[in-house]
Amino acid sequence: MMTRPRPHHATHLPDDGHADAGPETEARRRAAEEAAELVAATLESSRR
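Taking the UniProt record's numbering, the leading residue of the sequence shown gets 1, the next gets one more, and so forth.
Dropping the structure here:
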(Lines of atoms letter the chains of each structure in order from A and count residues from 1; the text may use other names and numbers.)
(Lines give C-alpha, C1' and ligand atoms only; values in the text may rest on other atoms or scores of the structure.)
Protein backbone atom coordinates (compact mmCIF):
# COMPACT_ATOMS: atom_id res chain seq x y z
CA MET A 1 0.00 0.00 0.00
CA MET A 2 1.47 3.30 -1.02
CA THR A 3 0.73 6.44 0.94
CA ARG A 4 1.28 9.97 -0.18
CA PRO A 5 4.30 11.60 1.42
CA ARG A 6 3.34 13.97 4.19
CA PRO A 7 4.61 17.53 4.10
CA HIS A 8 7.78 17.99 6.09
CA HIS A 9 6.15 20.34 8.57
CA ALA A 10 3.58 17.69 9.48
CA THR A 11 6.21 15.26 10.74
CA HIS A 12 8.92 17.57 12.06
CA LEU A 13 9.16 18.01 15.80
CA PRO A 14 10.88 21.14 17.03
CA ASP A 15 14.48 20.33 17.85
CA ASP A 16 16.69 23.09 19.14
CA GLY A 17 19.70 20.79 19.13
CA HIS A 18 20.27 21.05 22.88
CA ALA A 19 20.78 17.98 25.03
CA ASP A 20 18.38 19.43 27.59
CA ALA A 21 15.30 19.26 25.40
CA GLY A 22 12.22 19.81 27.54
CA PRO A 23 10.14 17.02 29.03
CA GLU A 24 7.42 17.67 26.45
CA THR A 25 9.85 16.99 23.60
CA GLU A 26 11.02 13.80 25.33
CA ALA A 27 7.43 12.69 25.89
CA ARG A 28 6.60 13.32 22.24
CA ARG A 29 9.63 11.32 21.14
CA ARG A 30 8.65 8.42 23.39
CA ALA A 31 5.05 8.54 22.19
CA ALA A 32 6.21 8.51 18.56
CA GLU A 33 8.43 5.47 19.22
CA GLU A 34 5.57 3.64 20.93
CA ALA A 35 3.23 4.47 18.06
CA ALA A 36 5.77 3.21 15.53
CA GLU A 37 6.13 -0.06 17.46
CA LEU A 38 2.35 -0.47 17.61
CA VAL A 39 2.03 0.13 13.87
CA ALA A 40 4.81 -2.36 13.15
CA ALA A 41 3.19 -4.98 15.39
CA THR A 42 -0.19 -4.40 13.76
CA LEU A 43 1.26 -4.75 10.26
CA GLU A 44 3.13 -7.89 11.26
CA SER A 45 0.01 -9.51 12.73
CA SER A 46 -2.05 -8.59 9.65
CA ARG A 47 0.40 -10.46 7.42
CA ARG A 48 -0.25 -13.76 9.17
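Heads up, the beta-carbon is just placed ideally off N, CA and C, and yes, glycines get one too.
All values reported here derive from a predicted model rather than from experimental measurement.
Here DSSP, grouped into helix, strand and coil, assigns Arg28 to helix. When only Cα atoms are considered, Ser46 and Glu33 end up about 20 Å apart.
In the three-state scheme derived from DSSP, where H, G and I count as helix and E and B as strand, Arg47 is classed as helix. Separation of Glu26 and Leu38 (C-alpha to C-alpha, rounded to the nearest whole angstrom) is 18 Å.
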